[in-house]
Amino acid sequence: MIIEEMKKIWRPGMLLVLLVLGFIFYTIRMEFYISNFPNGPYDRGLYMMCRQMVETYGTSLSKEGYEEVKASRKDVRAAADAYVKGYVIGKKYGLKTYKQFAEFEQKIYEEMTGKNAADQNQKYMDMMRMKNYLESEETDNILGRLQAVYYVPEAYETVRKYKNDLLNVYGDTMTAEELEHVSDNYFGQTQMWQNILPYDVVEAVGSYAGSLLVWMCLAVCLLLSPLLVYDRMSRMQALQYSSRRGRRIYGSQLAAVMISAGLLTTINLVVFGGLFAAHGTSAFFSCRMYSFLSWQVFCWPNWTHGGWCLMLVLMCYLVSFGMAGVVFFLSQSCANYITMLLKILPIFVASAVICPKMMEYAFYFNNQLYRWSGLPYVEILCAAGSFVLGMVLCGIGRRVVYKKNI
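Going by the working numbering, the sequence shown opens with residue 983, and the numbers climb by one from there.
Printed below as a string of structure tokens:
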């Protein structure tokens, strides 16, 4: 009977609706993280450099690795000088080094309001052409790599030298428990601050997961809510309750709903998660959640980035199952599709508000749910709470149906 109930859920018309809405939702909410990550040449340069450091030095940067990265500035600067000198715009203005180009760029910005507007406009256009060239694939984004090779050692040295001062600065914004946690785990004996992980990876993965979870909730609502309403409108329930076995259909329908919710969640994770995974963020799966590259953002657990991503996946399943239970319970009392939509809409709106806040910077100090509640690991508690709520409502619904019809 479970298979027959799943056939009623997975109807071709509804699947087509989900495909169309999924494409629209992806275009509006998620495509940005696919087409614009890392966002900008400087972030791309840092991302590329961090991947190289993980391959070369492992998940953390030691003092020796720091010295090697710092020494590599000379080679990257020489490559930038060569690109500037060899480009047609560089030859036109006699620019032989990147330093000369930077001075040329600054001078143009300062003279843009001068009298020779036409001449300055031409210089500005030439400067932008050369800048775009230095950020392009043709030069392997030498401008972004040049900034990264200066930024990484500076960030490392800043945290190493001034970690005590940093704690004093953040002392006014942290609770005593947070400050003790940071002092013991990040700047204490474990020296977790040496970990390598670009800040943009955490931000992009969390934001993308938040949008994806909103879509999962919407997809669950659309796919599962019509099941009981369809049976009631087609007078199927009266036929089912005419037999002893049919009066026990609630259990089969609940099982079909939960299996469908799990299957739908898995499909969404494979499809949309696979699109984001093409960026190669799996290179940082062995890295820890905290890094000197994101020293402003602290977290409670000391998981790897891969473990953090698995926790986000677990939260997606918990919320999806919880939403399925709530939708199944509410649809029991709906006589038509309009009533069903009126009941489901507030639930979806609430999930659309809460889910992004639950996933963005999950388990970090600046997660919005944590800032509101002050409760560590509140994100997984919210996900588990939604799951428990859905299961409790399903149990209540089953008890009501059993007493009424058997």
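All C-beta atoms, glycine included, are put in the ideal place defined by N, C-alpha and C.
Rounded to the nearest angstrom, how far is the Cβ of VAL1183 from that of THR1286, given a contact under 8 Å?
Wrong, their Cβ atoms sit about 12 Å apart, outside the cutoff.
Quick check: the Cα distance between SER1207 and PHE1014, rounded to an integer number of angstroms?
The alpha-carbon atoms of SER1207 and PHE1014 are separated by roughly 30 Å.
Take VAL1081 as the anchor and find which of CYS1203, GLU1342, LYS1067 has the nearest alpha-carbon.
Sequence inspection shows Lys at residue 1081; the Val mentioned does not correspond to that position. Comparing Cα-Cα distances from LYS1081 to each of CYS1203, GLU1342, LYS1067, the minimum goes to LYS1067.
Three or more C-beta pairs under 8 Å: does that hold for the region 1296 to 1314 against the region 1271 to 1283?
Taking 8 Å as the limit for Cβ pairs, the verdict is that the region 1271 to 1283 does not touch the region 1296 to 1314.
Could you check whether ASP1063 and LYS934 sit closer than 8 Å to each other, using their CB atoms as the reference points?
Given that the chain is displayed from residue 983 to residue 1388, the structure contains no residue 934 and the question cannot be resolved.
Could you tell me which uninterrupted alpha helix (DSSP H) segments, each at least 4 residues in length, are contained entirely in the region 1287 to 1354, listed from first to last along the chain?
For the region 1287 to 1354, whole alpha helix (DSSP H) runs of length 4 or above, ordered along the chain, are 1287 to 1313, 1319 to 1341.
Buried or exposed: where does SER1355 fall if 16 or more other Cβ atoms within 10 Å of its Cβ makes it buried?
Label assigned to SER1355: exposed.
Answer yes or no: do PHE1345 and GLU1361 have a C-beta to C-beta separation smaller than 8 Å?
Going by C-beta atoms, PHE1345 is nearer than 8 Å to GLU1361.
With which residues is ASN1177 paired in a DSSP beta bridge?
In the DSSP output, where bridge partners are listed per residue, ASN1177 has SER1042.
With MET1305 and GLY1377 assumed to form a contact (beta carbons below 8 Å), what rounded beta-carbon distance in angstroms separates them?
Not confirmed; about 16 Å, so no contact.
If I follow the unbroken alpha helix (DSSP H) through ASN1123, where does it start and stop?
Unbroken run through ASN1123: none, as it is neither H nor E.
Do you know how far the Cα of ALA1265 is from the Cα of GLN1173?
So the alpha carbons of these two residues sit roughly 22 Å apart.
Sorted by chain position, which residues of the same chain lie with C-beta nearer than 6 Å to TRP1290's C-beta, five sequence neighbours on each side aside?
MET1271.
At the level of alpha carbons, what is the spacing between ALA1365 and LEU1205?
When rounded, the distance between both Cα atoms is 21 Å.
Please report the distance separating the alpha-carbon of GLY1256 from that of ASN1018.
Spanning the two alpha carbons is a distance of roughly 16 Å.
With DSSP as the reference, label CYS1364 as helix, strand or coil.
Three-state DSSP puts CYS1364 in a helix.
How is the alpha helix (DSSP H) around GLY1262 delimited, first residue to last?
Element bounds for GLY1262: n/a, residue is neither H nor E.
Which residue or residues does DSSP assign as beta-bridge partners of ARG1270?
Paired residue(s): THR1286.
Taking all protein chains shown into account, decide if GLY1188 is buried (16 or more other Cβ within 10 angstroms of its Cβ) or exposed.
The residue is buried, with at least 16 neighbouring Cβ atoms inside 10 Å.
Drop a sphere of 10 angstroms on the beta-carbon of TYR1138, count the other beta-carbons inside from all chains shown, and report buried for 16 or more, exposed for fewer.
Burial call: buried.
Within its chain, find whatever has a CB closer than 6 Å to the CB of VAL1295; leave out the 5 residues flanking it on each side and keep chain order.
No residues qualify anywhere along the chain.
Hey, how far is the Cα of ASN1167 from the Cα of LEU1161?
Roughly 10 Å between the two C-alpha positions.
Answer with buried or exposed for LYS1105, where buried requires no fewer than 16 other C-beta atoms within 10 angstroms of its C-beta.
So LYS1105 ends up on the buried side.
Can you round the beta-carbon distance between MET1112 and TYR1048 to whole angstroms, since I take them to be within the 8 Å contact cut?
So it is not a contact: roughly 32 Å between Cβ atoms.
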